Amino acid sequence: MEREKKNWPLSDGSELVKIKEVLESNSWWRGSGTKVKEFEKKFADYHNVSYALGVSNGTHALEVALKVFDIGMGDEVIVPAFTFIATATAVLNCNATPVFCDVDADTFCMDPQSFKEAITCNTKAVIPVHMAGNLCDMEQISRIAKERDIKVIEDAAHAQGGEWNNKKIGYYSDIATFSFQNRKVMTCGEGGAIITNSKRLYEKLYLLHSVGRPEGDIIYKHLVLGSNDRMSEFHAAILLCQLEKLQYYNSIREKNVLKLNEFLADIKGIIPQKSSEKCTANTHYMYMFYYDKEAFGNMSKEVFIEQMNNSGVSCYVPYPLVFQADFFENEVKKGDSRFLGDFEERHYPNALKIVKEVVWIPHYELLCRESELYKIREIILDIQKRANSERNVL
Ligand SMILES: *Cc1c(COP(=O)(O)O)cnc(C)c1O
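Counting with the working numbering, you get residues 334 to 727 for the letters of the sequence shown.
See below:
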């Protein structure tokens with residue numbers, strides 16, 4: 334059984350037209366151009382929020398979002414133990430301490446109860462991550478946070494256009510951040526955005542991302558200590574086109590994920606990530622599922638992944654536990670106060686289970702016709718049949 338792997342990112346030619354407009358103008362940066370501003374307006378409108386700020390990438394978006402609340406040395410920020418490393422390194426790069434909490438074993442999203450238990454008198458913020466496009470329980474998380482004056486920053490790197498209870502990203506939080514890195518559901522290669530409903534926060538975010546300078550400054554005013562995290566006009570040109578197509582791609586994936594769930598439902602040893610009931614728009618950045626090797630003749634997850642890739646379905650291992658990244662151990666040894674958290678994997682049983690047992694297929698493999706989707710079922714069944722018969726021979 335063979336299938337052709339799908340390409341990502343996709344361009345329909347509109348990107349080239351817009352890039353050319355920038356190229357032929359003499360405004361390649363936001364200081365004199367119009368594209369970043371236009372993108373910010375459209376991205377904010379799309380999410381029904383007052384303000385959006387384009388930035389250089391999703392990691393910087395998180396860092397600027399933390400800095401806007403003056404989070405620094407001695408402050409704690411609660412992050413899930415299962416996420417992409419940037420959620421935690423952003424905290425460390427602000428000299429604050431990441432404190433980990435567990436995620437839900439079915440939805441893979443921050444467990445509100447575990448978040449609550451991780452709160453101390455030093456907790457300044459929480460960063461729920463909408464894992465693979467399934468939204469965290471933003472009502473519970475924001476309620477717990479508000480009671481204790483903890484800021485909520487949504488890491489929506491996977492969830493452009495996502496909704497909880499019919500409310501788009503940004504509704505339940507102080508700030509939400511996005512990534513437009515090459516693999517994300519809308520992309521310009523490298524890019525990011527921050528959204529908020531607060532004018533005060535927006536104005537400070539702007540200063541922070543532009544070396545402290547207010548918009549239009551030509552006399553070297555640096556009102557706050559900032560860095561340069563600005564988005565270029567070229568990136569915004571591409572994003573304007575990508576935003577136009579986002580809703581279309583999101584809806585195809587939502588439809589195809591339901592279909593793929595059906596196609597895989599009777600296969601032993603495959604259990605997909607659950608979509609939360611109140612997640613009314615799941616962007617499905619990744620199709621994640623538990624792989625039970627016992628149903629596959631004890632074939633390791635790594636071999637399964639290799640065989641999927643060889644058959645034309647891109648397939649990967651999940652993120653490791655954040656605090657098991659190589660650099661963490663070295664830093665812990667140095668005794669840096671930012672690394673004095675709880676790094677016992679058994680204290681995060683659900684995150685650990687996901688790290689050990691889950692594999693995932695990227696979103697673009699789902700942008701296809703039903704017959705191509707059905708091939709994913711056939712390929713998995715084929716791998717399973719071979720794995721089980723090989724074991725019987727041994
Ligand atoms: C991609 C990603 C980021 C970082 O975005 P970059 O644009 O690559 O810096 C942050 N958080 C999560 C969950 C991500 O997947």
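Idealized CB from N, CA, C, for every residue including glycine.
This one's a predicted model, so the numbers in the text were calculated from it and none came from an experiment.
Could you round the C-beta distance between Ile694 and Val646 to whole angstroms and report it? I think they count as a contact, below 8 Å.
6 Å
Locate the beta strand (DSSP E) running through Val691, then write down its first and last residues.
691 to 695
At what residue ranges does the region 341 to 394 contain a whole run of the beta strand (DSSP E), taking only runs of 3 or more?
384 to 388
Going by DSSP, what residue range makes up the alpha helix (DSSP H) through Cys574?
566 to 597
Are the beta-carbon atoms of Ile709 and Gln640 separated by less than 7 Å?
no
Would Tyr620 be called buried (16 or more neighbouring beta carbons within 10 Å of its own) or exposed?
buried
Taking Val397 and Ile460 to be in contact with their CB atoms under 8 Å, please state how far apart those CB atoms are, rounded to whole angstroms.
Incorrect: roughly 13 Å between the Cβ atoms, too far for contact.
Where do the ends of the beta strand (DSSP E) carrying Pro431 lie?
430 to 434
Burial state of Ile552, where buried means 16 or more other Cβ atoms lie within 10 Å
exposed
Roughly how many angstroms separate the alpha carbons of Phe448 and Ser512, rounded to a whole number?
24 Å
Counting pairs of beta carbons, one from the region 695 to 708 and one from the region 426 to 445, are three or more of them closer than 8 Å?
no
For ligand 1, any of its heavy atoms closer than 6 Å to the Cβ of Thr392?
yes
Using the three-state DSSP reduction, which class does Thr422 fall into: helix, strand or coil?
helix
Need the endpoints of the alpha helix (DSSP H) that Met471 sits in, please.
471 to 480
Can you tell me whether Asp562 sits near ligand 1, meaning its C-beta is under 6 Å from at least one heavy atom of the ligand?
no
How many Å lie between Glu337 and Glu587 at the Cα?
21 Å
Less than 6 Å between the CB of Ala775 and some heavy atom of ligand 1, yes or no?
Coverage of the chain is limited to positions 334 through 727, which leaves residue 775 absent and any answer about it impossible.
I'd like to confirm something about Phe417: is its beta-carbon nearer than 6 Å to some heavy atom of ligand 1, or not?
yes
Own chain residues within Cβ distance below 8 Å of Leu444, not counting five before or after:
Here residue 444 is Asp; the residue named in the question, Leu, does not match the sequence. If we look at Asp444 and ignore the five residues flanking it on each side, its Cβ neighbours are Cys434, Asp435, Val436, Asp437, Asn683.
Between which two residues does the alpha helix (DSSP H) holding Met641 run?
634 to 643
Segments of 4+ residues assigned as alpha helix (DSSP H) that fall wholly inside the region 601 to 672:
634 to 643, 659 to 667
With H, G and I counted as helix, E and B as strand and the rest as coil, what does DSSP make of Phe511?
strand
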